[in-house]
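Novice: What follows is a structure written as structure tokens; I'll ask about it next.
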Amino acid sequence: MEQRNRTYYLGDIVGLRKYATDQYLFKVDIVEVETVDEVVIYTIEFSVDHVDYDYQRKQFFDHVETESGKIITDFTYVDEGTVQIKLPAGDKISTIVLKSPDKDECIRKVSIEE
């Protein structure tokens, strides 16, 4: 099965093309959820190997898909291993969509559903 058609899960190592012979090794480690007023804040902790520049860490997150079918792209970069995204209360993330900073066509999906 090709990697682009595969669904990954929390803790899986996801290969994202870097160059023809090299790839980033990306892993979503933990997803924490907190509700504040009418907003659900998802904190996503991740690790990635073979990053040449710190700004690339922000570029891995393309969007999330929610259970209600919304696509949300507004990630907040917290630090080198953490991003946050906010959703309206009552909505839940089903999939995190990752993209290689070097290859726009290299997209991988990580399901956070148990």
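Read in order, the letters of the sequence shown correspond to residues 10 to 123 in the numbering used here.
Beta carbons: idealized from backbone N, C-alpha and C, even for Gly.
Nothing here was measured: the structure is a model prediction, and the numbers come from that model.
#1: In three-state DSSP terms, what is Lys67?
#2: Just the Cα atoms here: how many angstroms apart are Val60 and Cys115?
#3: Tell me the residue span of the beta strand (DSSP E) that contains Leu19.
#4: Put Ser77 into one of helix, strand or coil per three-state DSSP.
#5: Would the region 99-107 count as touching the region 74-84 if we require 3 or more Cβ pairs under 8 Å?
#6: Report yes if the C-beta distance between Phe55 and Asp31 is below 8 Å; otherwise report no.
#7: In the DSSP assignment, the beta strand (DSSP E) including Pro97 goes from what residue to what residue?
#8: Given a cut-off of 8 Å, decide if Arg117 and Val40 are closer than it, judged by their beta-carbon atoms.
#9: Tell me the DSSP secondary structure of Lys112 in three-state form.
#10: Are Lys67 and Tyr51 closer than 8 Å when you measure CB to CB?
#11: Cα separation between Gly20 and Lys36?
#12: Express the C-alpha separation of Ile53 and Asp83 in angstroms, rounding to a whole number.
Specialist: Considering the structure as presented:
#1: helix
#2: 16 Å
#3: No beta strand (DSSP E) holds Leu19; DSSP gives it neither H nor E.
#4: coil
#5: yes
#6: no
#7: Thr91 to Pro97
#8: no
#9: coil
#10: no
#11: 6 Å
#12: 13 Å
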